[in-house]
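Reading through the structure tokens given below for one structure.
6 protein chains.
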Amino acid sequence: MLLHLQTWQEVERYLETSRGIIIPIGSTEQHGPTGLIGTDAICAEVIAKGVGEATGALVAPTLNIGMALHHLAFPGSISLRPTTLIAVIQDFITSLASSGFQQFFFINGHGGNIATLKAAFPQIYAHLADLKFSNADQVRCQVANWFMCREVYELAKQLYGEEEGSHATPSEVAVTQYVYPEAIKEAFLEKEVASGHPIYSAADFRRHYPDGRMGSNPALATPEHGKQLYEVAVKTLSSSYLKFIGE
Amino acid sequence: MLLHLQTWQEVERYLETSRGIIIPIGSTEQHGPTGLIGTDAICAEVIAKGVGEATGALVAPTLNIGMALHHLAFPGSISLRPTTLIAVIQDFITSLASSGFQQFFFINGHGGNIATLKAAFPQIYAHLADLKFSNADQVRCQVANWFMCREVYELAKQLYGEEEGSHATPSEVAVTQYVYPEAIKEAFLEKEVASGHPIYSAADFRRHYPDGRMGSNPALATPEHGKQLYEVAVKTLSSSYLKFIGE
Amino acid sequence: MLLHLQTWQEVERYLETSRGIIIPIGSTEQHGPTGLIGTDAICAEVIAKGVGEATGALVAPTLNIGMALHHLAFPGSISLRPTTLIAVIQDFITSLASSGFQQFFFINGHGGNIATLKAAFPQIYAHLADLKFSNADQVRCQVANWFMCREVYELAKQLYGEEEGSHATPSEVAVTQYVYPEAIKEAFLEKEVASGHPIYSAADFRRHYPDGRMGSNPALATPEHGKQLYEVAVKTLSSSYLKFIGE
Amino acid sequence: MLLHLQTWQEVERYLETSRGIIIPIGSTEQHGPTGLIGTDAICAEVIAKGVGEATGALVAPTLNIGMALHHLAFPGSISLRPTTLIAVIQDFITSLASSGFQQFFFINGHGGNIATLKAAFPQIYAHLADLKFSNADQVRCQVANWFMCREVYELAKQLYGEEEGSHATPSEVAVTQYVYPEAIKEAFLEKEVASGHPIYSAADFRRHYPDGRMGSNPALATPEHGKQLYEVAVKTLSSSYLKFIGE
Amino acid sequence: MLLHLQTWQEVERYLETSRGIIIPIGSTEQHGPTGLIGTDAICAEVIAKGVGEATGALVAPTLNIGMALHHLAFPGSISLRPTTLIAVIQDFITSLASSGFQQFFFINGHGGNIATLKAAFPQIYAHLADLKFSNADQVRCQVANWFMCREVYELAKQLYGEEEGSHATPSEVAVTQYVYPEAIKEAFLEKEVASGHPIYSAADFRRHYPDGRMGSNPALATPEHGKQLYEVAVKTLSSSYLKFIGE
Amino acid sequence: MLLHLQTWQEVERYLETSRGIIIPIGSTEQHGPTGLIGTDAICAEVIAKGVGEATGALVAPTLNIGMALHHLAFPGSISLRPTTLIAVIQDFITSLASSGFQQFFFINGHGGNIATLKAAFPQIYAHLADLKFSNADQVRCQVANWFMCREVYELAKQLYGEEEGSHATPSEVAVTQYVYPEAIKEAFLEKEVASGHPIYSAADFRRHYPDGRMGSNPALATPEHGKQLYEVAVKTLSSSYLKFIGE
Ligand code: NI
Ligand code: NI
Ligand code: NI
Ligand code: NI
Ligand code: NI
Ligand code: NI
């Protein structure tokens with residue numbers, strides 16, 4: 012169930028049986044010479060939709076701009092500052108909590124969002140308590156990173172081994188190929204690809220990772236892999252979601 | 012050209028011939044008993060995509076959460092506070108301006124966003140000047156409200172007359188029916204519908220507009236109307252965009 | 012009744028019969044070679060005072076610094092950033108709402124303030140609801156731009172035709188001449204005056220409008236016109252105020 | 012020279028010979044049963060105007076809302092929060108420093124503003140340095156409290172002795188009587204007046220100072236005293252201003 | 012009693028008999044060629060600990076970073092901006108007020124903190140009232156500057172006369188020598204030392220005070236003086252604290 | 012080398028050979044019936060000091076208040092909100108980067124700080140780039156959690172097995188016993204201790220963890236264990252620091 016395709020009266024009925032909601036969050040940032048700028052949002056959105064279908068959960072609109080300051084030296088990347096993203100998450104959850112939602116399950120497609128999301132959650136719990144929301148103490152947030160699920164990670168390693176890398180990975184590229192086969196890109200990929208350098212400033216990132224990839228070989232990706240990865244992610248995260256709302 | 016389906020190298024090439032970008036912005040809010048919660052984002056997104064196709068312009072990901080504080084008494088509505096939305100717009104444009112983008116054309120689907128967008132623009136111009144961006148003085152922002160284009164407005168009046176109303180209108184509902192025919196809703200609609208009361212707080216809004224509609228009769232909407240309205244909007248806004256970047 | 016000339020006990024008595032207050036808001040910014048930097052505040056203040064006298068309404072002190080970032084390339088202009096102005100308006104209204112005021116009628120002298128005021132209002136309604144003010148749902152704000160009242164606009168057109176322009180207009184200059192006849196200025200005015208260019212950054216504004224005027228010929232202004240315009244504005248806005256508090 | 016009665020070209024000429032400006036800052040708050048709510052702004056404004064005449068200095072528009080949170084339990088009081096006031100002062104000075112102003116002399120009418128002004132100044136110096144203003148290192152701010160000038164204080168003590176008190180004082184009331192003789196108020200004043208309790212919250216303030224006065228007997232005020240106090244203040248602060256800009 | 016050496020259950024018991032707490036606040040900033048960067052925090056901490064022992068009061072952890080923007084042109088200095096420090100103080104007091112603490116007695120070692128602390132207090136009272144804390148109206152804050160206590164000041168004048176100066180003073184250096192005799196520094200001190208220039212920007216400060224001292228001769232300091240000053244400060248501030256919580 | 016025991020001239024000399032600095036960060040929060048409220052700050056501070064001695068690195072003053080919102084239902088706990096902590100970290104690093112420091116190594120004693128620190132770092136890199144600091148691209152931050160070092164973790168498991176738990180652990184208590192043997196506490200500890208519940212709001216935390224411990228048995232702690240843990244942590248983190256600054 013996609014929230015944006017419901018009416019408010021349908022949401023009101025949904026709340027009679029569930030207080031949970033899934034929120035896909037991605038990023039809009041460079042993904043190397045062949046990866047789509049929307050990769051992280053596309054993956055989070057499609058997997059969240061799949062989990063929604065599998066579990067009957069409501070799925071909120073995708074937060075498609077995330078925390079990607081370190082990618083800003085590459086054209087087309089867009090980032091919120093962490094404090095802006097915290098404000099967005101707070102407004103988002105406060106709005107829904109005022110309707111009666113209580114369990115917020117973020118399906119996240121971007122490593123750079125994790126710290127900011129986890130920083131936002133305690134601030135939001137405190138904010139709802141400050142507002143004296145009747146359900147303030149029942150509100151719970153969780154972030155689930157599809158690419159870090161054990162089952163997904165193992166499949167990626169099996170498919171790509173060390174060439175999975177850590178950014179512009181073949182596994183995330185594969186999922187986007189499965190979703191948008193018409194947008195599969197060809198481009199020259201240096202054989203040698205940088206890896207292992209920690210992430211600091213945008214200028215430092217580009218200096219160390221000149222084409223945007225971090226240790227990955229996205230040329231290995233196929234739409235079929237994408238389908239497999241998608242299915243594993245949906246299955247695993249559906250269990251996680253049901254466990255989360257049943258706690 | 013959808014930004015999220017490009018690589019950063021494709022964006023780099025795009026910037027050699029154009030400095031313009033289209034940004035769809037909607038809202039996630041109640042639209043009466045039969046209107047989709049995502050109506051404003053859906054309309055802005057589809058029309059922006061159409062304008063992108065017609066003009067060759069790049070289209071950024073949709074900002075699907077807007078300023079809808081007055082709708083928060085209806086379940087499923089989500090709003091950013093105006094100051095949060097200003098921060099989002101500032102981060103968004105600053106990111107793209109650092110890549111070289113200079114003309115930001117917002118295609119907006121929600122009346123409640125207009126004031127905040129217009130408040131954000133001067134703050135952003137000043138911010139870019141503070142940052143000493145080399146192109147700070149070239150940056151220009153414009154908001155184009157698809158539903159307020161003269162041609163669209165006239166078509167809506169011709170199709171629906173007074174029953175167009177001002178929220179949950181048959182014209183916006185029609186566009187969503189055209190995009191998502193599988194999500195056409197049926198629900199009881201009171202014959203009498205409130206109208207004319209200004210917008211104040213969320214509680215006041217719900218008190219005066221108990222089912223969420225403002226003077227509208229969305230039962231008149233059809234997918235065929237939606238197609239017509241979409242086409243008129245795309246045509247008109249394509250001209251506006253070309254005029255804007257050519258100034 | 013001017014708030015700053017009352018005691019708190021007089022305000023307490025006023026609140027027994029009315030919950031309304033008028034807030035003049037202007038700007039401190041260049042108004043071309045012959046217009047006063049204080050034009051917008053002077054006009055808003057004198058008209059608000061007139062409306063207060065005509066209706067018995069309390070008139071708050073003038074907010075004489077507004078949102079004028081686009082004028083900052085001209086010496087002597089002062090601006091709040093939009094987010095600062097939102098904070099000011101919020102503190103202002105929150106203070107008065109805690110005393111029991113409920114209807115806030117802004118008489119505005121500057122086009123550049125409109126978007127920020129309209130962005131501020133929903134944030135303030137939400138803030139008062141967050142604070143659990145007993146009268147939160149009764150609070151209503153409205154902005155009335157004296158220069159955009161139909162009657163004023165028509166008189167200006169009749170007096171000046173196309174030479175009214177849109178900034179440093181003869182009509183606003185005339186009102187200041189009526190209020191401060193001792194401060195009528197003489198200066199060289201280019202015959203040709205720029206017009207029609209949208210407002211972007213401060214540097215862009217000065218580039219397109221080198222002497223600060225936007226399509227206007229303030230040399231046409233006279234104190235007598237000012238008196239006429241003042242009287243029409245007071246009459247029209249007095250009706251608007253009474254309608255607003257009577258809603 | 013009042014800034015609001017100048018044109019931008021007159022300001023441009025002023026800057027050829029002086030970089031200094033006077034900024035009156037007051038407050039809008041209860042001043043006991045007979046004191047005007049605008050007392051602090053009225054005093055600061057009239058004295059600043061006098062200093063401007065005596066020294067040829069430019070005088071900015073009055074900041075008539077200050078930091079008066081502790082007075083909010085009395086109807087008609089308005090306050091900015093300290094962080095809002097800091098933002099206002101920062102925007103104000105940044106605007107004028109961009110024109111070339113360098114010495115900012117605040118003539119202050121309200122004790123409650125002092126800490127916030129002094130907190131704002133270092134933040135502003137750092138902000139201007141961050142912005143790389145060419146004159147950042149030359150910018151200097153000073154706050155001059157008219158009621159704390161030695162000469163004023165001595166005259167007040169001579170006129171009123173212990174009955175001067177510390178809020179709603181006869182000396183400030185006298186200055187307002189001199190400026191607005193038509194607004195001299197009569198009201199019952201308890202013989203016993205509280206004093207000596209430090210200032211904490213608004214509720215605590217009203218509990219300890221039920222009629223708003225702090226140890227004062229404003230019934231002693233006369234317009235003639237007001238004239239004397241005004242003249243002493245203008246003379247003293249004119250010297251202070253000239254010393255400040257000559258440093 | 013040092014808070015950081017208690018358990019929460021011990022704090023719970025403490026609250027049965029007292030609602031007061033002492034908060035040492037210092038700064039981390041240059042103190043001339045021989046003064047320690049931590050001087051202000053060291054002095055505040057040791058004196059606060061002494062007052063805690065003398066009065067049985069609980070002593071919070073030291074806020075060792077203060078408002079020292081004007082010292083940032085000297086290596087090793089660290090400063091919070093005033094608005095950051097206000098946020099820190101607000102969070103600090105809100106946390107403890109939620110436990111039941113009501114009287115907050117700041118023992119301050121740095122002149123640069125005073126204005127910001129005094130600006131923070133009213134904002135915090137208003138914040139606690141906004142949060143509807145049951146004890147909001149009982150919360151009281153006070154700042155006690157150890158170096159400005161009359162008894163301390165007189166001893167300093169007696170020991171050092173005019174050579175006390177106003178920054179990097181022999182009296183504060185003496186207290187640090189008493190606490191850290193192993194960290195007594197030797198360095199060349201110019202005989203001539205600047206004084207009398209007001210504090211503006213960091214660059215201006217270093218220009219006028221090239222070695223960081225303001226009119227002081229810290230070479231006069233001895234650990235024995237430090238012991239004397241410490242004892243006088245503890246005695247005086249213990250009385251102040253008891254008076255404060257007994258009000 | 013402790014920064015607070017240096018003069019600015021000593022720091023200037025230090026910067027000739029190193030651009031690195033260690034910043035201890037802890038928290039002030041309940042640690043169960045026998046753990047000190049200052050546990051996290053005490054551990055971070057003593058270990059940072061040890062690493063400073065072992066490596067010759069400068070050690071900044073301890074940030075002893077962290078992000079502990081989830082502990083606020085226990086008396087004596089103090090927390091910054093995440094956005095406040097981000098502002099503190101930004102001001103802290105900006106100050107030192109302006110002196111020439113480039114490598115910031117946080118030794119952290121509290122799990123609750125990690126997300127906020129990691130959220131702060133990219134915002135700070137962007138801020139320094141905005142300020143056009145000449146060394147902006149060289150600035151690097153890293154957080155090292157002493158309790159999560161492999162060697163420390165293994166020693167803790169060897170000493171306490173499953174009874175280590177995850178808050179108020181015997182290992183952190185042991186380190187505080189080693190540092191403050193005079194502050195070893197005795198109190199009743201329920202045999203059964205809750206564990207496994209994720210962290211949400213403060214009220215939820217106390218409901219699930221009524222005495223504050225999370226699965227731990229701090230009664231196993233001894234000062235001798237503390238010494239061992241301290242030594243392992245210092246050794247490991249010294250290597251990490253040297254590796255970090257040598258990158
Ligand atoms: Ni990715
Ligand atoms: Ni709509
Ligand atoms: Ni105007
Ligand atoms: Ni006063
Ligand atoms: Ni000091
Ligand atoms: Ni701990």
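Chains as they are written, first to last, in this note's numbering: chain A, 12 to 258; chain B, 12 to 258; chain C, 12 to 258; chain D, 12 to 258; chain E, 12 to 258; chain F, 12 to 258.
No residue lacks a Cβ here, since even glycine has one placed at the ideal position from N, Cα and C.
Note down, in chain order, every chain E residue with its Cβ under 9 Å from the Cβ of residue i.
i, result
"F:Gln-169", "Chain E residues near F:Gln-169: none, gap ~27 Å exceeds 9 Å."
"D:Asp-51", "Under the 9 Å cutoff, chain E gives no residues; its nearest Cβ is about 16 Å from D:Asp-51."
Would the beta-carbon of residue i fall within 8 Å of that of residue j?
i, j, result
"C:Lys-129", "C:Val-154", "yes"
"C:Ser-145", "C:Gly-176", "no"
"A:Gln-101", "A:Gln-149", "no"
"B:Glu-27", "B:Ala-79", "no"
"A:Ala-108", "A:Arg-217", "no"
"F:Ser-38", "F:Asn-124", "yes"
"D:Trp-7", "C:Pro-86", "Outside the modelled stretch of chain D, which goes from 12 to 258, sits residue 7 of chain D, for which no answer is possible."
"C:Ala-179", "C:Gly-223", "yes"
"C:Thr-94", "B:Ile-97", "yes"
Taking C-alpha atoms, which residue in the options lies nearest to residue i?
i, options, result
"B:Ser-90", "A:Trp-157, A:Phe-103, A:Ile-97 and A:His-81", "A:Phe-103"
"B:Glu-162", "B:Gly-67, B:Ile-33, B:Ser-250 and B:Tyr-220", "B:Ser-250"
"B:Thr-187", "B:Cys-54, B:Glu-23 and B:Ser-38", "B:Cys-54"
"C:Phe-158", "C:Ile-118, C:Pro-234 and C:Pro-86", "C:Ile-118"
"B:Gly-257", "B:Pro-72, B:His-81 and B:Phe-116", "B:Phe-116"
"B:Val-70", "B:Ile-210, B:Leu-14, B:Glu-23 and B:Lys-202", "B:Leu-14"
"F:Ser-88", "E:Ser-106, E:Phe-85 and E:Leu-142", "E:Ser-106"
"C:Ile-34", "C:Ala-232, C:Leu-240, C:Gly-120 and C:Thr-50", "C:Gly-120"
"B:Gln-169", "B:Gln-113, B:Gln-239 and B:Ala-137", "B:Gln-239"
Report the neighbours of residue i on chain A: residues whose CB is nearer than 7 Å to its CB, in chain order.
i, result
"B:Gly-87", "Leu-14, Gln-17, Trp-19, Val-22 and Ser-110"
"F:Thr-127", "Ala-130"
Please list, in chain order, the chain B residues whose beta carbon lies closer than 8 Å to that of residue i.
i, result
"C:Gln-134", "Leu-80, Arg-92, Pro-93 and Thr-94"
At 8 Å on the CB atoms, spell out the chain E contacts of residue i, in chain order.
i, result
"F:Thr-39", "Leu-14, His-15, Ala-71 and Pro-72"
Just to make sure I have the definition right: I need the residues of chain F whose C-beta is within less than 8 Å of the C-beta of residue i. Which are they?
i, result
"E:Leu-47", "His-15, Leu-16, Gln-17 and Thr-18"
Interface residues of chain E around residue i at Cβ under 7 Å?
i, result
"F:Pro-44", "Thr-18 and Gln-20"
| message | Residues of the stretch 103 to 118 of chain E in Cβ contact with chain F at a cutoff of 8 Å, in chain order, please. | response | Residues passing the 8 Å Cβ filter: Phe-103, Ser-106, Leu-107, Ser-109, Ser-110 and Gly-111.
| said: Residues of the stretch 71 to 101 of chain D in Cβ contact with chain E at a cutoff of 7 Å, in chain order, please. | reply: Met-78, Leu-80, His-81, Arg-92, Pro-93, Thr-94 and Ile-97
| message | Tell me which residues of the stretch 192 to 205 of chain C have at least one Cβ-Cβ distance to chain D shorter than 9 Å, keeping chain order. | response | For the stretch 192 to 205 of chain C, which is checked against every Cβ of chain D, the residues closer than 9 Å are Glu-193, Ala-194, Lys-196 and Ala-198.
| message | By the 9 Å beta-carbon criterion, what residues does the stretch 146 to 173 of chain B contribute toward chain C? | response | Of all residues in the stretch 146 to 173 of chain B, those with a C-beta nearer than 9 Å to a C-beta of chain C are Ala-147, Asp-148, Gln-149, Val-150, Arg-151, Cys-152 and Gln-153, reading in chain order.
| said: Going residue by residue through the stretch 90 to 128 of chain A, where are the continuous beta strand (DSSP E) segments of at least 3 residues, counting only ones entirely within it? | reply: 114 to 119
| Going along the chain, which unbroken runs of the alpha helix (DSSP H) with 4 or more residues stay wholly within the stretch 129 to 207 of chain D? | 161 to 171 and 181 to 190
| message | At 4 residues or longer, what runs of the alpha helix (DSSP H) sit wholly inside the stretch 32 to 102 of chain F? | response | Runs of the alpha helix (DSSP H) spanning 4 or more residues and lying entirely within the stretch 32 to 102 of chain F occur at 50 to 66, in chain order.
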